[in-house]
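The numbering used here puts the first residue of the sequence shown at 83, with every later residue one more than the last.
Ideal placement from N, C-alpha and C gives every residue a C-beta, glycine not left out.
None of the values given here were measured: they were computed from a predicted structure.
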Amino acid sequence: MDVIIKLAWKNLWREKRRSILMTGIIAIGVFAGTFVVAFINGWMENGIDEHTRMQTSHLQIHAKGYTDANDTGKLMDKRKVEDAIANVEGIANVSHRLKVNALLTTAETSVGLVLMGVDADDEKKVSDIEKTIGTGNGTFLADETDHPIVISRHTAQKLNTRLNSKIIVAFQAPNGEMQEVMFRVGGIYHTNSKRFDNATAFARKEDLQPYMYISPYDIHETAIILRHFDQCRAVKETMAKVMKNFSIQSWNEVYPLLEVLSAWREISNILLLGIFFSALAFGIMNFMLMSVMEREAELKMLERIGTSRRRIAYMIRTETVALLAIGTTAGIALCLMAVAHFSKHGFDISFLLSDDVNYGFSSVIYPQMAFSNFMEIVVFVFLTGLFASTIPIRKITHTHKDKQ
């Protein structure tokens with residue numbers, strides 16, 4: 083077999099220009115396919131990170147029976163929650179919230195949304211909402227503003243209001259009594275999620291508590307950010323053991339669409355690699371078919387001196403896989419250099435997006451490659467080599483058989 087491998091290597095470089103050209107084509111194809119996979123990985127991670135930083139956090143704690151309807155009567159004692167999570171490892175930051183369905187009214191119109199009552203300093207540690215408030219659009223619940231409320235740019239447009247404008251906020255207290263409180267727009271934010279922007283506003287928790295007739299320790303939700311994203315499942319399981327009277331949800335349970343996106347990433351990567359390597363397979367097949375037909379007399383001679391057809395087929399497959407391996411290695415090397423650059427500086431696609439449309443992800447993508455992607459590429463290289471060498475092998479063996 084060593085002789086066959088050496089012969090295959092010499093045959094591969096017999097026509098150097100053609101082999102180098104084909105290797106270059108493979109390298110460009112693999113680079114394109116691999117970089118698209120890295121881009122999709124970064125794009126999906128961007129979307130997940132955007133939602134966890136803005137909306138879902140890594141974990142959320144609610145009272146048993148709490149639903150998305152935001153039942154104001156389902157309260158928790160903040161002290162009990164803090165005691166329960168005090169010894170749980172992996173937790174970085176915590177924010178305790180009040181959540182009520184509210185109606186925001188101006189002189190012109192009204193908008194219904196979810197009003198979040200938060201401690202500004204704690205909320206800044208688990209959410210990046212403050213970073214989405216542009217220059218000249220106020221601050222995130224600053225102390226100098228009396229009863230500040232932070233609304234989205236979309237909500238401000240619907241209400242036809244601006245910074246420092248007064249808004250009447252109506253909501254139902256846990257005892258069933260309706261409350262109307264005047265707030266002043268203290269900040270206007272704008273995220274990449276239209277769904278979130280249309281449905282969320284922020285106020286200080288201490289401004290809501292007196293009108294809800296609850297104690298300073300009553301809360302509806304606790305949002306948790308972990309030190310490491312990969313620890314979500316483990317930390318949730320640990321918390322579930324010590325907090326049996328609470329409902330604990332991870333980011334993908336709070337917003338199930340994110341889990342669908344995560345699963346679709348794996349499927350799309352395999353599909354894209356399959357498309358790229360299928361296209362390469364036909365090009366390599368033509369290259370190998372041309373190569374074996376040029377060496378028809380030589381291959382016939384090898385058969386006459388005792389080389390079996392199985393070994394001739396092995397030689398052709400070795401040439402094909404070697405050609406693929408060289409081109410793939412070069413393509414992956416190019417991709418790794420590109421990923422190393424763009425993972426640090428980002429790939430700005432803002433020229434493709436409109437500032438007036440919320441896409442659910444940032445306009446700057448940071449491509450990334452996972453070890454599983456490299457394993458998928460190895461599998462595709464092997465399968466492509468087998469497929470691309472099949473027709474040339476059949477062609478040369480059948481030709482020899484017919485002439486005999």
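Subject >> Whole-Å CB distance - Y295 paired with N257, under 8 Å assumed >> reply: In the sequence shown, the residue the question calls residue 295 occupies position 213. In the sequence shown, the residue the question calls residue 257 occupies position 175. Contact holds; Cβ gap of about 6 Å.
**OP:** Evaluate contact between the segment 321-329 and the segment 126-146, counting only Cβ atoms and requiring at least three cross-stretch pairs below 8 Å.
**Re:** yes
**OP:** On a CA-only basis, which of T214, A283, S209 and V170 is nearest T273? Give me that one, please.
**Re:** Position 191 of the sequence shown, counting from 1, holds the residue named residue 273. The candidate whose alpha carbon is nearest that of T273 is T214.
**OP:** Measure the C-alpha to C-alpha separation of V374 and G129 and round it to an integer number of angstroms.
**Re:** Looking up residue 374 in the sequence shown gives position 292. Looking up residue 129 in the sequence shown gives position 47. So the two alpha carbons sit approximately 49 Å from each other.
Subject >> CA-to-CA distance, Q137 to M325, given in whole angstroms >> reply: Mapped onto the sequence shown, residue 325 falls at position 243. Mapped onto the sequence shown, residue 137 falls at position 55. M325 and Q137 have their C-alpha atoms roughly 23 Å apart.
**OP:** Find out if the Cβ-Cβ distance for the pair H310, G172 is shorter than 8 Å.
**Re:** As a position in the sequence shown, residue 310 is number 228, starting the count at 1. As a position in the sequence shown, residue 172 is number 90, starting the count at 1. Closer than 8 Å, so yes.
Original post:
So, is V176 buried or exposed, given that buried needs 16 or more other C-beta atoms within 10 angstroms?
Top reply: In the sequence shown, the residue the question calls residue 176 occupies position 94. It counts as buried.
Subject >> Alpha carbon of Q261 to alpha carbon of I250, nearest angstrom >> reply: One-based indexing of the sequence shown puts residue 261 at position 179. One-based indexing of the sequence shown puts residue 250 at position 168. Distance between the alpha carbons of Q261 and I250: 10 Å.
Original post:
Whose C-beta lies closer than 7 Å to the C-beta of T320 among residues of the same chain, with five residues either side of it excluded?
Top reply: Locating residue 320 in the sequence shown gives position 238, where the first residue counts as 1. Excluding residues within five positions, the ones whose Cβ falls inside 7 Å are V170.
**OP:** Look at the alpha carbon of R135 and the alpha carbon of D210, and state the distance between them as a whole number of angstroms.
**Re:** Counting from 1 along the sequence shown, the entry for residue 135 is found at position 53. Counting from 1 along the sequence shown, the entry for residue 210 is found at position 128. C-alpha separation (whole angstroms): 6 Å.
Original post:
Between L406 and the rest of its own chain, which residues show a CB-CB distance below 7 Å, the 5 nearest in sequence each way excluded?
Top reply: The residue given as residue 406 occupies position 324 in the sequence shown. Taken in chain order, the residues that qualify are I108, I366, V463, T466 and G467.
**OP:** Return the first residue and the last residue of the alpha helix (DSSP H) that I366 is part of.
**Re:** Position 284 of the sequence shown holds residue 366. Counted as a single uninterrupted DSSP element, the alpha helix (DSSP H) harbouring I366 occupies residues L339 to E376.
**OP:** Apply the 10 Å Cβ neighbour rule to V317 and answer buried if 16 or more other Cβ atoms are within range, or exposed otherwise.
**Re:** Working through the sequence shown from its first residue, we reach residue 317 at position 235. It counts as buried.
Original post:
Does the distance from the CB of K287 to the CB of V196 come in under 8 Å?
Top reply: Start at 1 with the first residue of the sequence shown, and residue 287 comes out as number 205. Start at 1 with the first residue of the sequence shown, and residue 196 comes out as number 114. No.
Subject >> Under 8 Å between C-beta atoms of A184 and F253 >> reply: The residue you call residue 184 lines up with position 102 of the sequence shown. The residue you call residue 253 lines up with position 171 of the sequence shown. Yes, Cβ-Cβ distance for A184 and F253 is below 8 Å.
Original post:
Around the C-beta of T191, are 16 or more other C-beta atoms found within 10 angstroms, so that it is buried, or is it exposed?
Top reply: The residue you call residue 191 lines up with position 109 of the sequence shown. With fewer than 16 other Cβ atoms within 10 Å, it is exposed.
Original post:
Which residues share a DSSP beta bridge with E262?
Top reply: Along the sequence shown, read from residue 1 onward, the residue named residue 262 stands at position 180. Answer by DSSP bridge pairing, in chain order: A252.
Original post:
How should A189 be labelled, buried or exposed, when 16 other C-beta atoms within 10 angstroms of its C-beta is the threshold for buried?
Top reply: Counting from one through the sequence shown, the residue named residue 189 turns up at place 107. Note on A189: under 16 other CB atoms within 10 angstroms of its CB, so exposed under the neighbour-count rule.
**OP:** Within its chain, find whatever has a CB closer than 6 Å to the CB of Y293; leave out the 5 residues flanking it on each side and keep chain order.
**Re:** For the purposes of this step, residue 293 is identified with residue 211 of the sequence shown, where counting begins at 1. The residues are Q261 and V263.
**OP:** Look at the alpha carbon of G269 and the alpha carbon of A281, and state the distance between them as a whole number of angstroms.
**Re:** Position 187 of the sequence shown, counting from 1, holds the residue named residue 269. Position 199 of the sequence shown, counting from 1, holds the residue named residue 281. Looking at the two C-alpha atoms, the distance is approximately 16 Å.
**OP:** Starting from the C-beta of L340, find all residues in its chain whose C-beta is less than 7 Å away, skip the five residues before and the five after it, and write them out in chain order.
**Re:** Taking the sequence shown and counting its residues from 1, the one referred to as residue 340 is at position 258. So the qualifying residues of the chain are I130, H133, W333 and N334.
Original post:
Which residues in the same chain as P449 place their Cβ atom closer than 8 Å to its Cβ, once the five residues preceding and following it in sequence are excluded?
Top reply: Working through the sequence shown from its first residue, we reach residue 449 at position 367. Result list for P449: F117, A120, F121, N123, G124, A420, V421, F424, S425 and F429, in chain order.
Subject >> Segment limits, beta strand (DSSP E) that includes K213 >> reply: If you number the sequence shown from 1, residue 213 lands on position 131. No beta strand (DSSP E) holds K213; DSSP gives it neither H nor E.
**OP:** Could you tell me whether the segment 146-157 touches the segment 337-353, where touching means 3 or more Cβ pairs closer than 8 Å?
**Re:** no
**OP:** Below 7 Å CB to CB, which residues in the same chain sit around I87 once its five sequence neighbours on both sides are set aside?
**Re:** Sequence index remark: in the sequence shown, residue 87 carries index 5 (1-based). Excluding positions up to five away in sequence, the list reads T400.
**OP:** Would you kindly work out how many angstroms separate the C-alpha atoms of H236 and D279, rounded to a whole number?
**Re:** Working through the sequence shown from its first residue, we reach residue 236 at position 154. Working through the sequence shown from its first residue, we reach residue 279 at position 197. Rounded to the nearest angstrom, the two C-alpha atoms are 7 Å apart.
Subject >> Sub-8 Å separation of D159 and D289 beta-carbons >> reply: Taking the first residue of the sequence shown as position 1, residue 159 is located at position 77. Taking the first residue of the sequence shown as position 1, residue 289 is located at position 207. Not closer than 8 Å, so no.
Original post:
Between the C-alpha atoms of L371 and Y337, what's the straight-line distance to the nearest angstrom?
Top reply: Indexing the sequence shown from 1 puts residue 371 at position 289. Indexing the sequence shown from 1 puts residue 337 at position 255. Going from the Cα of L371 to the Cα of Y337 covers about 52 Å.
Subject >> Beta-carbon proximity list for R277, same chain, < 7 Å, skipping 5 on both sides >> reply: On the sequence shown, residue 277 is found 195 positions in, with the first residue counted as 1. Closer than 7 Å at Cβ, skipping near neighbours: no residue.
Subject >> Short Cβ contact (8 Å threshold) for A345 with A470 >> reply: Position 263 of the sequence shown, counted from the start, is the residue given in the question as residue 345. Position 388 of the sequence shown, counted from the start, is the residue given in the question as residue 470. Not a contact, by the Cβ cut-off of 8 Å.
Original post:
By how many angstroms is the C-alpha of C417 removed from the C-alpha of A114?
Top reply: As a working mapping, residue 114 is identified with position 32 in the sequence shown. As a working mapping, residue 417 is identified with position 335 in the sequence shown. Computed Cα separation, rounded: 8 Å.
Original post:
For the candidate residues G218, T304, V232 and V193, whose alpha-carbon lies nearest to that of G165?
Top reply: Position 83 of the sequence shown, counted from the start, is the residue given in the question as residue 165. In the sequence as presented, Gly is not what sits at residue 165; that position holds Asp. Of the candidates G218, T304, V232 and V193, the one whose C-alpha sits nearest the C-alpha of D165 is T304.
Subject >> Rounded separation between G220 and K181 - CA only >> reply: On the sequence shown, position 138 is the one that residue 220 refers to. On the sequence shown, position 99 is the one that residue 181 refers to. Straight-line Cα distance between these residues: approximately 23 Å.
Original post:
Beta-carbon separation of V208 and T243 under 8 Å?
Top reply: Taking the first residue of the sequence shown as 1, we reach residue 208 at position 126. Taking the first residue of the sequence shown as 1, we reach residue 243 at position 161. No, Cβ-Cβ distance for V208 and T243 is not below 8 Å.
Original post:
When the distance is taken between beta carbons, is F222 closer than 8 Å to A238?
Top reply: Here residue 238 refers to the residue found at position 156 of the sequence shown. Here residue 222 refers to the residue found at position 140 of the sequence shown. No, the Cβ-Cβ distance between A238 and F222 is not below 8 Å.
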